[in-house]
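So that you can map any letter, position 420 of the sequence shown is 424 in the numbering used here, and since no number is skipped, the others follow by simple counting. Yeah, the Cβ is synthetic: ideal placement off N, Cα and C, and Gly gets one too. Small disclaimer: the values here were computed from a predicted structure and weren't measured.
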Amino acid sequence: MAANPNDEDFDEAPAFIDMNSAVEVPDDTNNEDTMMGDEAMVDDADEALASKLPNLNNESSSSQPVIDQSKATFNSHTDAVYAVASHYDASSHTLSIASGGGDDRAYLHHISTNTATNQLSQTTTPLSHPHTDSISCLAFNTPYITTDVSGKVQKNLLAVGCYDGAIVLYDAANGSLVQVLEGPSDVEWTCFHPKGGTVLLAGSIADGTIWMYHAPSKSCLQVFVGHEGGVTAGAFTPDGKLVASVGQDGTCRVWAPKTGMSKHVFRLMESMGGGDDGSPGPGLTCLAVGGGTDGKLAICGGEDGKAYVVHISGKKLVATLPHFEEQQQQSNGNNNNNNNNNNNNGDAMDDDAEAEPRSIEAVGFCPAAIPGTAHWCATGGVDGILKIWNLNTATSGGTAQLRQRCVREDVPSQSAGITRLTWHASLPLVICSYTDGVVGVWDARVGTMVGTLTGHEDMINDMSVSFVEGSGVGVVVTGSDDKMVKMFEYNP
Numbered sequence: 005m006a007a008n009p010n011d012e013d014f015d016e017a018p019a020f021i022d023m024n025s026a027v028e029v030p031d032d033t034n035n036e037d038t039m040m041g042d043e044a045m046v047d048d049a050d051e052a053l054a055s056k057l058p059n060l061n062n063e064s065s066s067s068q069p070v071i072d073q074s075k076a077t078f079n080s081h082t083d084a085v086y087a088v089a090s091h092y093d094a095s096s097h098t099l100s101i102a103s104g105g106g107d108d109r110a111y112l113h114h115i116s117t118n119t120a121t122n123q124l125s126q127t128t129t130p131l132s133h134p135h136t137d138s139i140s141c142l143a144f145n146t147p148y149i150t151t152d153v154s155g156k157v158q159k160n161l162l163a164v165g166c167y168d169g170a171i172v173l174y175d176a177a178n179g180s181l182v183q184v185l186e187g188p189s190d191v192e193w194t195c196f197h198p199k200g201g202t203v204l205l206a207g208s209i210a211d212g213t214i215w216m217y218h219a220p221s222k223s224c225l226q227v228f229v230g231h232e233g234g235v236t237a238g239a240f241t242p243d244g245k246l247v248a249s250v251g252q253d254g255t256c257r258v259w260a261p262k263t264g265m266s267k268h269v270f271r272l273m274e275s276m277g278g279g280d281d282g283s284p285g286p287g288l289t290c291l292a293v294g295g296g297t298d299g300k301l302a303i304c305g306g307e308d309g310k311a312y313v314v315h316i317s318g319k320k321l322v323a324t325l326p327h328f329e330e331q332q333q334q335s336n337g338n339n340n341n342n343n344n345n346n347n348n349n350g351d352a353m354d355d356d357a358e359a360e361p362r363s364i365e366a367v368g369f370c371p372a373a374i375p376g377t378a379h380w381c382a383t384g385g386v387d388g389i390l391k392i393w394n395l396n397t398a399t400s401g402g403t404a405q406l407r408q409r410c411v412r413e414d415v416p417s418q419s420a421g422i423t424r425l426t427w428h429a430s431l432p433l434v435i436c437s438y439t440d441g442v443v444g445v446w447d448a449r450v451g452t453m454v455g456t457l458t459g460h461e462d463m464i465n466d467m468s469v470s471f472v473e474g475s476g477v478g479v480v481v482t483g484s485d486d487k488m489v490k491m492f493e494y495n496p
């Protein structure tokens, strides 16, 4: 049963802790770490993704030049762009973009529209902190800002996370430095609290810790300790009362921000495992929250080719979604019926099957307000396939109905993997970025591609999508290995 909601309310003024006194906190779930009815459940993220893909080289696919459909391009970076974030302000007709990359630099870009002439103007501001490693993550608090109890409007902030361990806050309007926060090593992800945007989370891919800060006071509130490997993704629930995180240890963990206690541990992978060479076993790669009518469903994508849907408060596994298709393995099974002279060939094919790309790199819930799509979710993998699932049909911990299997017809099978996906805010569309530099738009109802956005000449590492309220127009920002940041508009 879920804890008393009053116990989980976010503390407006929690007691700060000494960052040097962080200790592992106990799990208060009375040893209920295993799933109900389910006994078996990088330094650089881009290099990890690239290693799973069969072919990221586009030289053999086409020699024709790429048609650039972008509305704006920023070429400030001198190395691959690993992270982007964006926010569109309808009142000023201004798009704010942050970008960071392998050149150890972060930039703040603004694109403004002159409504009289429909002309675009753009500016770029280099952010001042001298990083010593790749920028890994970016986040604006602008969508969540509200007035505080005194009536004062909080500052618009941009958070920059880096593999050198620095978490830097900037003024999102002009790029001036606000504060450098002490935190974990090798920051992998960061996000702001959805109620006010004054609280910041940051997770480490190296030491497995999650740090929570109060931005106005520039102080650390909690350090969540418990993951037995790097933390690959995390988020506040939409009501801000809980934190969910996933990691390389194959677990999804639920935390209480007020106390720092672990509320529950979902052990979703069969085991952390590992190879004979000391390499880690399959872990969880990505996370989305806010699913279900109560907003308490989370979906976790795994390197084992499965996605897991859990109810955070109910502490239950809702569904296991088998994204990866065992076609090669089935073929191998048939071959085993041959005579014993083929055993060596069969073993070789088994090795090839195990090496097939199967990791899920992007997941997301369809917004509940979109008619006719209640309880839909999407998974996207390095196999290049987008799958749409109907969770209404899920049985306790079992699979759900596969509604659509979306495969591009313009590229060879598995030659372009999915790196990010975002559901449209008001339409049953899914926007995906791919390793061949293309952005594809899919109609989730029928499984057809209804639009493509081209312009990049290499893998898209990150994508951020904003929507113009009332128009359905999607503003798509991408960062690529081609060192470019591009802005596209998609008008359905």
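As assigned by DSSP and simplified to three states, the class of residue i
| i | result |
| --- | --- |
| N394 | strand |
| G289 | One detail in the question is off: residue 289 reads as Thr in this sequence, not Gly. Here T289 sits in strand by DSSP. |
| P69 | coil |
| Y148 | helix |
| I115 | strand |
| S484 | strand |
| C166 | strand |
| N495 | coil |
| T542 | Not covered by the structure: residue 542. The range shown for the chain is 5 to 496. |
| P432 | coil |
| M216 | strand |
| P326 | strand |
| D83 | coil |
| N465 | strand |
| Q126 | strand |
| I303 | strand |
| H268 | strand |
| S90 | strand |
Pick from the options that is closest to residue i, judged by C-alpha positions
| i | options | result |
| --- | --- | --- |
| K222 | V269, I171, K391, E232 | I171 |
| V247 | K300, G234, D211, G296 | K300 |
| G179 | I101, S125, G287 | I101 |
| T403 | H197, A323, G234, V489 | A323 |
| R4 | A76, Q405, G388, T150 | Summary: the structure shown does not reach residue 4, with the chain confined to residues 5 through 496, and so no result is reported for it. |
| M382 | T194, P326, A206 | Looking at the sequence shown, residue 382 is not Met but Ala. Nearest of T194, P326, A206 to A382, Cα basis: P326. |
| G187 | G201, A210, I374 | A210 |
| G254 | V227, T127, L291 | L291 |
| P496 | T456, S468, I464, V489 | T456 |
Rounded straight-line distance, which links the Cα of residue j to that of residue i
| i | j | result |
| --- | --- | --- |
| S335 | E329 | Unreliable positioning characterises S335 in this predicted model, as indicated by a pLDDT of 43, which lies under 50. The coordinate reading is nonetheless provided below. Cα to Cα, the separation comes out at about 12 Å. |
| H135 | R109 | 7 Å |
| I316 | V269 | 10 Å |
| F471 | G478 | 5 Å |
| G295 | M216 | 23 Å |
| S437 | T482 | 8 Å |
| L204 | A219 | 7 Å |
| K159 | Y148 | 11 Å |
| L288 | D175 | 33 Å |
| D462 | D485 | 5 Å |
| K320 | V454 | 36 Å |
| V293 | I303 | 7 Å |
| G234 | K262 | 23 Å |
| I364 | I422 | 9 Å |
| Y167 | S208 | 9 Å |
| P242 | Q68 | 45 Å |
| Q252 | G169 | 19 Å |
| S189 | Q123 | 43 Å |
| R449 | S125 | 37 Å |
| W393 | L406 | 5 Å |
| V184 | T202 | 15 Å |
| V313 | W427 | 17 Å |
| Q226 | A177 | 28 Å |
| A94 | T129 | 21 Å |
| W193 | L390 | 24 Å |
Residue-chain proximity (residue i, chain B), Cβ-Cβ < 9 Å
| i | result |
| --- | --- |
| Y167 | Checking the listed chains, one finds no chain B in this structure; it contains a single protein chain. |
Buried versus exposed, by CB contacts within 10 Å (16 or more), residue i
| i | result |
| --- | --- |
| D83 | exposed |
| T146 | buried |
| R409 | exposed |
| K156 | exposed |
| E473 | exposed |
| I71 | exposed |
| V120 | According to the sequence as given, residue 120 is Ala; it is not Val. Result: exposed. |
| S138 | buried |
| G384 | buried |
| E307 | buried |
| P375 | exposed |
| S475 | exposed |
Touch test, the region 440-448 against the region 399-416, Cβ-Cβ under 8 Å, three pairs minimum: Because the criterion of three Cβ pairs below 8 Å is met, the region 440-448 and the region 399-416 touch.
Contact between the region 75-90 and the region 110-117 (3+ Cβ pairs under 8 Å): yes
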